[in-house]
Amino acid sequence: MVKKILVATAIFAGLALSTSYGNAAPICACYPPPGGVNFSGSGAAGLTGGRTNTYDFLDHSAFDVLWWGPAAVGSAMDGGINEVGETMSFSSAVGQVAYWTGTTDVTTSSGVQPIYTRLTATILGGATGWLTPVSVGITPGPLQVTEVTGDPFIVNFIFEASLSLNGTYTAIRALFDSLPKPNNNPAMVVTNLDGQFFYAEPPLEVGAVPIPAALPLFAAALGVLGFLSRRRRRKAALAA
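Given below as structure tokens:
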């Protein structure tokens, strides 16, 4: 009898103290991340040396995990990112460096010249290596992300171009300027990269089941035990 009462008490305690958790799926904060950030940048993405973005004073208490990734990556030499290949595709990543590739064209004095393009994004500090977004539940979104673990988070990116797929790549603006073009050529270099933050909230403890809601179940369990106890006493009396 004591054993059964203890079992019932344990069931009651389990009901009273059960806990559920909220949804911790990544959320697109895009910009700024939760808690805010101080942003600074230097250089130009289409010139030698590229552009370096620094994100500091991140409030890591405002999220459980934070990721950053470049979205809408594109480049063109014809004045607009509006043709196949000018929206660039993720190519590969090794450690802290990731690559996107694409194609565009430019009208030179001798005709239309096909151009091969490449974006190189290099993590300089405050983050782990590049990873596939779907591996952490981010979809849709950038084609690569990195987990931001420190402060400041620093990333450099440069758009480059080449006259051949396996040729030498130089800053896209430098190559464009080096090509002979007609005097009335309206073309210009256009590059785009949207840095987006994603974050995961800590699991939210919804809380224990309220005691009044669990009391009827506990009362029912005690009633069953009381019935069994009475049957046992009645059988013992008849046997006597």
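Counting in our numbering, the sequence shown runs from 21 upward without gaps. No residue lacks a Cβ here, since even glycine has one placed at the ideal position from N, Cα and C.
- Under the three-state reduction of DSSP output, L199 falls in the coil class, being neither helix nor strand.
- L78 and A64 have their C-alpha atoms roughly 24 Å apart.
- According to the DSSP secondary-structure assignment, S60 is paired through a beta bridge with T74.
- Counted as a single uninterrupted DSSP element, the beta strand (DSSP E) harbouring Q133 occupies residues 131 to 145.
- One thing to note: A194 has its Cβ no nearer than 8 Å to the Cβ of V126.
- Residue burial annotation: S198 is exposed, with fewer than 16 other C-beta atoms found within 10 angstroms of its C-beta.
- Exclusion of the five residues before and after F218 leaves P46, C48, W87, I158 as the residues of its chain whose Cβ lies within less than 6 Å of its Cβ.
- Distances from the alpha-carbon of P200 to those of F173, G131, T142 put G131 closest.
- Taking Q133 as reference, the option from S182, Q216, I174 with the minimal CA-CA separation is S182.
- Rounded to the nearest angstrom, the gap between the Cα atoms of A191 and F177 is 11 Å.
- DSSP places E180 inside the beta strand (DSSP E), whose first and last residues are 173 to 182.
- Residue range 85 to 96 is occupied by the beta strand (DSSP E) that includes P90.
- Put simply, the segment 133 to 153 touches the segment 103 to 118. At least three CB pairs are less than 8 Å apart.
- Secondary structure of I101 (DSSP, three-state): coil.
- Of the candidates E167, V209, L185, the residue whose Cα lies closest to the Cα of Q216 is E167.
- In the three-state reduction of the DSSP assignment, I47 falls in the strand class.
- Scanning its chain for C-beta atoms nearer than 6 Å, with the 5 sequence neighbours on each side dropped, one finds around T211 the residues A65, G66, S95, F179, in chain order.
- Rounded to the nearest whole angstrom, the C-alpha separation of Y75 and V57 is 6 Å.
- Closest by C-alpha distance to N102, out of V85, P90, N203, G122, is G122.
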